[in-house]
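Following: one structure in C-alpha cells, then a few remarks.
Numbering (this note's numbering), first residue to last: 4 to 193.
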C-alpha cells in the first residue's frame, strides 16, 4: 500500500505540463552575452557593473527580473499543473556595441525579423512571447508572430493600431492603447 501511494504521489508531482515562454528584449545592450542566432545562451541574472541602471541595459535587466519573478511565482505554486521554462531572444541583434545604449525605440528591423524566424524555425517549444518593446519596435514582430499564431504580449506597446485584431490577432497587452493627445490630456488633468 505504501509503495502504491508513493508511486501515485510521484506520478502526480511529475505530471506538470512543461511550456516554454519566450522573453524578447534588447539583450544586445548587455555586454558579454553569447548567442545562437537571436537566442541568448548565457544570461546572468546577477546585476554587474556592465549594466547601466539608468540606461537601456538597466531597462532590459529590470524588465527581465520582473518577467522572471512572474515565472517563478507560477512555478512555485503546488496547485498548478504547469511548469514554465523560459528562453530569451534579442530583438536587436547578437552583438553588443556602445551605441546601443542610445536606442530610441525605432524598428528593430532585420534583427527583429531574424528573431521571429528563429522562434518559428528553431524553437518550436515556445508557445508564447512576452516583451516590453516600444510600439515601433513591436510592430513587425506582432504581425509576424500573429501570422505564425504565437501569442505575443508587449507591455510597453501603447499605439492604438495594436488594437486592430485583423492585423494583430495574437497580440495583447495589459493596458489599452493610448494616443499621445489622450496621454497628454490625462497628465494635464491629474
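We put the beta carbon where it would ideally sit given N, CA and C, even for glycine.
Query                                                                                                                       : Result
Residues sharing a beta bridge with residue 204, DSSP                                                                       : This structure does not reach residue 204, given that the chain is present from 4 up to 193, and the question cannot be answered.
Pair within 7 Å by beta-carbon distance, residue 64 and residue 54                                                          : yes
Cβ-based neighbour list, residue 130, same chain, cut-off 8 Å, excluding 5 preceding and 5 following                        : 22, 23, 24, 153, 154
Per-residue burial, residue 157 [other beta carbons within 10 Å of its own, 16 or more giving buried]                       : buried
C-alpha gap between residue 127 and residue 120, whole angstroms                                                            : 11 Å
Exposed unless 16 or more other CB atoms sit within 10 angstroms - verdict on residue 141                                   : buried
Neighbourhood of residue 96 by C-beta, 7 Å cutoff - its chain only, sequence neighbours within 5 removed                    : 31, 114
Residues of its chain near residue 87, where Cβ-Cβ distance is below 7 Å and the 5 sequence neighbours each way are ignored : 22, 24, 74, 77, 78
Check whether residue 171 and residue 138 have beta carbons under 7 Å apart                                                 : no
Residue(s) in a DSSP beta bridge with residue 129                                                                           : 23
Inter-residue Cα distance where the pair is residue 82 and residue 69                                                       : 22 Å
Distance between residue 159 and residue 46 (C-alpha atoms, nearest Å)                                                      : 22 Å
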